[in-house]
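Asker: Got a structure here, written out as structure tokens. Questions coming.
In my numbering, the protein residues as written are 164 to 427.
Below you can see the structure in the form of structure tokens.
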């Protein structure tokens with residue numbers, strides 16, 4: 164969403180676009196290697212390899228100096244090397260064979276030249292992916308966790324609705340697959356509850372066709388913030404009561420959804 168080529172029609176409100184501009188978004192890539200056998204300590208989940216002292220090694224310190232082991236979670240001889248910093252973007256211009264050979268050289272420095280045979284490999288290029296254009300968010304100077312909350316708030320209006328999911332909307336679990344999954348569950352439930360609330364609103368208003376606006380916010384950290392507004396003209400005392408009753412229903416629905424999310 165930070166890419167200028169992405170357009171929303173109608174434009175996003177200022178509070179949403181400001182949060183998008185303020186929160187950082189960076190690039191990081193991975194080289195995933197599967198070997199015939201495990202040659203590292205199978206009890207560890209990750210390990211580091213210090214770069215050398217030469218100027219060239221110092222410049223390339225973001226290239227596969229951190230490794231994640233996938234053995235304990237998958238039972239397979241999997242290693243994932245992290246390519247970070249400016250090298251994450253530079254590496255996207257390299258071929259797979261160049262990246263793989265460079266990552267194997269890192270491993271040979273510690274484990275010796277006789278590594279087991281390589282079975283499979285995968286190299287990511289998130290920055291070049293037109294549907295990602297990067298990897299995940301971070302908090303730069305001037306940003307706070309509140310910007311994650313703002314990015315997760317829905318935009319609802321007459322005839323349309325935009326809900327937002329992704330790791331960038333969960334400040335408790337940013338830059339993780341888990342955060343992205345939690346946000347998908349959150350927004351799926353929001354759709355169900357808001358649709359149910361809208362149906363009840365339409366039934367209670369006896370065919371009146373004025374605009375209905377619902378805005379709701381829920382934080383996943385146990386602190387619940389609720390805000391609902393119905394744009395219904397109060398032409399009579401009966402409609403005024405209807406407005407108040409419907410507002411209560413929306414709050415009840417959102418409160419129940421928030422309670423369920425806190426047990427996730």
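Just so you know, even glycine gets a beta-carbon here, dropped at the ideal spot from N, CA and C.
For the alpha helix (DSSP H) containing residue 178, name the first residue and the last one.
Answerer: The residue labelled residue 178 in the question sits at position 15 within the chain shown. Segment 177-185, the alpha helix (DSSP H) holding residue 178.
Asker: Spatial neighbours of residue 176 within its chain, please: CB distance less than 7 Å, with the 5 preceding and 5 following residues excluded, ordered by chain position.
Answerer: As a first step, residue 176 is located in the chain shown; it is residue number 13 there, counting from the start. Excluding sequence neighbours, residue 176 sits near 318.
Asker: Do the stretch 166-180 and the stretch 202-213 make contact, defined as three or more Cβ pairs closer than 8 Å?
Answerer: No: fewer than three Cβ pairs fall under 8 Å.
Asker: To test your reading of the DSSP string, which unbroken alpha helix (DSSP H) runs of 4 or more residues are found completely within the stretch 208-243?
Answerer: Correct list: 218-222, 234-237.
Asker: Could you give the residue range of the alpha helix (DSSP H) that holds residue 250?
Answerer: Numbered from its first residue, the chain shown carries residue 250 at position 87. Looking at the DSSP string, the run of the alpha helix (DSSP H) that includes residue 250 is 249-253.
Asker: When the cut-off is 9 Å and only beta carbons count, does residue 268 lie next to chain C?
Answerer: Here chain C cannot be found, since the structure has a single protein chain.
Asker: Using the Cα positions of residue 276 and residue 263, report the straight-line distance between them to the nearest angstrom.
Answerer: Residue 276 sits at position 113 when you count from the first residue of the chain shown. Residue 263 sits at position 100 when you count from the first residue of the chain shown. Near 15 Å, if we compare the C-alpha coordinates of residue 263 and residue 276.
Asker: Spatial neighbours of residue 200 within its chain, please: CB distance less than 6 Å, with the 5 preceding and 5 following residues excluded, ordered by chain position.
Answerer: Numbered from its first residue, the chain shown carries residue 200 at position 37. Contacts found: 240, 279.
Asker: Are the stretch 186-199 and the stretch 292-299 touching by the rule of at least three beta carbon pairs closer than 8 Å?
Answerer: They touch, by the three-pair rule.
Asker: Could you have a look at residue 172 and say whether DSSP puts it in helix, strand or coil?
Answerer: Sequence index remark: in the chain shown, residue 172 carries index 9 (1-based). In this structure, residue 172 counts as coil in the three-state DSSP scheme.
Asker: I need the boundaries of the alpha helix (DSSP H) containing residue 310, first residue and last residue.
Answerer: Looking up residue 310 in the chain shown gives position 147. 309-314 is the span of the alpha helix (DSSP H), which, as asked, contains residue 310.
Asker: Going by C-alpha distance, which of 223, 232, 313, 272 is nearest residue 198?
Answerer: If you number the chain shown from 1, residue 198 lands on position 35. It is 232.
Asker: With DSSP run on the structure shown, which of helix, strand or coil describes residue 194?
Answerer: Numbered from its first residue, the chain shown carries residue 194 at position 31. In this structure, residue 194 counts as strand in the three-state DSSP scheme.
Asker: Hey, how far is the Cα of residue 253 from the Cα of residue 312?
Answerer: Here residue 253 refers to the residue found at position 90 when the chain shown is read from its first residue. Here residue 312 refers to the residue found at position 149 when the chain shown is read from its first residue. Cα to Cα, the separation comes out at about 32 Å.
Asker: Alpha carbon to alpha carbon, what distance is there between residue 348 and residue 286?
Answerer: As a working note, residue 286 is residue 123 in the chain shown. As a working note, residue 348 is residue 185 in the chain shown. Taking the straight line from one Cα to the other gives about 29 Å.
Asker: Any contact between the stretch 242-249 and the stretch 224-231? By contact I mean 3 or more CB pairs, one from each, below 8 Å.
Answerer: Cβ pair count under 8 Å is three or more, so yes.
Asker: Taking Cβ to Cβ, would you say residue 324 is nearer than 9 Å to residue 357?
Answerer: What you label residue 324 is simply residue 161 of the chain shown in a count that begins at 1. What you label residue 357 is simply residue 194 of the chain shown in a count that begins at 1. Yes, these two residues count as a Cβ contact at 9 Å.
Asker: Which residues bound the beta strand (DSSP E) around residue 281?
Answerer: Position 118 of the chain shown, counted from the first residue, corresponds to residue 281. That run of the beta strand (DSSP E) goes 281-286.
Asker: What's the gap between the Cα of residue 303 and the Cα of residue 338?
Answerer: Taking the chain shown and counting its residues from 1, one reaches residue 303 at position 140. Taking the chain shown and counting its residues from 1, one reaches residue 338 at position 175. Each residue's alpha carbon lies about 14 Å from the other.
Asker: Hey, residue 229 and residue 211: beta-carbon distance below 9 Å or not?
Answerer: Along the chain shown, one-based indexing puts residue 229 at 66. Along the chain shown, one-based indexing puts residue 211 at 48. Contact flag set, yes.
Asker: What alpha helix (DSSP H) runs, 4 residues minimum, are completely inside the stretch 325-354?
Answerer: Runs found: none.
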